[in-house]
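Peer 1: Numbering (the numbering used here), first residue to last: 922 to 986.
Where a beta carbon is used, it is the ideal one built from N, C-alpha and C, also for glycine.
Only a predicted model underlies this, so the values are computations on that prediction, with no experimental measurement involved.
Below are the structure tokens for one structure; questions will follow.
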């Protein structure tokens with residue numbers, strides 16, 4: 922059985938917006954892109970998680986590590 926390995930990157934990108942419309946705008950990215958937007962554990966910042974498919978980063982080379 923071969924385990925499936927994916928490359929993930931998670932980084933904070935802005936403070937949690939006070940404005941609900943701004944927050945909704947960024948959360949819509951979850952449905953339209955490969956990036957998943959969420960909040961950090963303290964609910965103070967928005968974080969972005971990007972997950973590459975298993976074969977995508979292998980084709981580009983292991984120099985990403």
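Hey, which unbroken runs of the beta strand (DSSP E) at 3 residues or more fall wholly within the segment 942-980?
Peer 2: As far as the segment 942-980 is concerned, its whole beta strand (DSSP E) runs of at least 3 residues are 956-960 and 966-973.
Peer 1: Near residue 965, what residues of its chain come up, given a Cβ to Cβ distance below 8 Å and the 5 sequence neighbours on each side ignored?
Peer 2: Around residue 965: 936 and 937.
Peer 1: What is the rounded straight-line gap between the Cα of residue 950 and the Cα of residue 957?
Peer 2: Their Cα atoms are separated by approximately 7 Å.
Peer 1: Cβ atoms of residue 971 and residue 960: under 8 Å apart, would you say?
Peer 2: Not in contact: residue 960 and residue 971 (Cβ atoms no closer than 8 Å).
Peer 1: Shorter than 7 Å, the distance from the beta carbon of residue 967 to the closest heavy atom of the ligand GTP, or not?
Peer 2: The ligand GTP is not part of this structure, which contains no ligands at all.
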